[in-house]
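Enquirer: Count the sequence shown with our numbering and you get residues 46 to 128, in order. Here a beta-carbon is modelled for each residue, glycine too, at the ideal position from N, C-alpha and C.
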Amino acid sequence: VEKLEKGQKVEGTVTRITPFGAFVQISPAVEALVHISELGSGNDVDPEKVFTLNERKEFVILDIDREGRKISLSLGGKKKKTK
46 VEKLEKGQKV
56 EGTVTRITPF
66 GAFVQISPAV
76 EALVHISELG
86 SGNDVDPEKV
96 FTLNERKEFV
106 ILDIDREGRK
116 ISLSLGGKKK
126 KTK
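1) Considering only their Cβ atoms, is the gap separating Ala77 from Leu120 smaller than 7 angstroms?
2) In whole angstroms, what separates the C-alpha of Glu50 from that of Val79?
3) Does DSSP classify Val90 as helix, strand or coil?
4) State the start and end residues of the unbroken beta strand (DSSP E) segment that holds Thr136.
5) Nearest-angstrom Cα distance between Lys48 and Val59?
6) Mapping the DSSP letters down to three states, classify Glu83 as helix, strand or coil.
7) Considering only residues of the same chain and omitting the five flanking positions on each side of Pro73, which have a CB-CB separation below 7 angstroms?
8) Apart from the five residues just before and just after Gln53, which ones in its own chain have a Cβ nearer than 8 angstroms to its Cβ?
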């Protein structure tokens, strides 16, 4: 977490999809959240239609809470599917 910065592009793998967004592993010890509010206008977007489990994508770091060890992401770049 210490080496990551706000605005930085990172690649990660979608590990969990929830009604409020998706969790993304960006390194072996770091998991981040793409909140539903980052997926489109309003909260009527279905994260399951945007993400697929184990899918690799490029994301942009929106915010880092170093004390709480929480990272917020937004979508950025083209998706890369892996099996």
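Expert: Taking the definition as stated:
1) Here residue 120 refers to the residue found at position 75 when the sequence shown is read from its first residue. Here residue 77 refers to the residue found at position 32 when the sequence shown is read from its first residue. Remark: C-beta atoms of Leu120 and Ala77 do not approach each other more closely than 7 angstroms.
2) Mapped onto the sequence shown, residue 50 falls at position 5. Mapped onto the sequence shown, residue 79 falls at position 34. Just so you know, the alpha carbons of Glu50 and Val79 end up roughly 16 angstroms apart.
3) The count along the sequence shown starts at 1 and reaches residue 90 at position 45. For Val90, the three-state secondary structure derived from DSSP is coil.
4) The chain is shown only over 46 to 128; residue 136 falls outside these bounds and no answer can be derived.
5) As a working note, residue 48 is residue 3 in the sequence shown. As a working note, residue 59 is residue 14 in the sequence shown. Each residue's Cα considered, the two are about 21 angstroms apart.
6) On the sequence shown, position 38 is the one that residue 83 refers to. Correct three-state label for Glu83: helix.
7) Position 28 of the sequence shown holds residue 73. Contacts found: none.
8) Within the sequence shown, numbered from 1, the residue matching residue 53 stands at position 8. Val105, Ile106, listed in sequence order.
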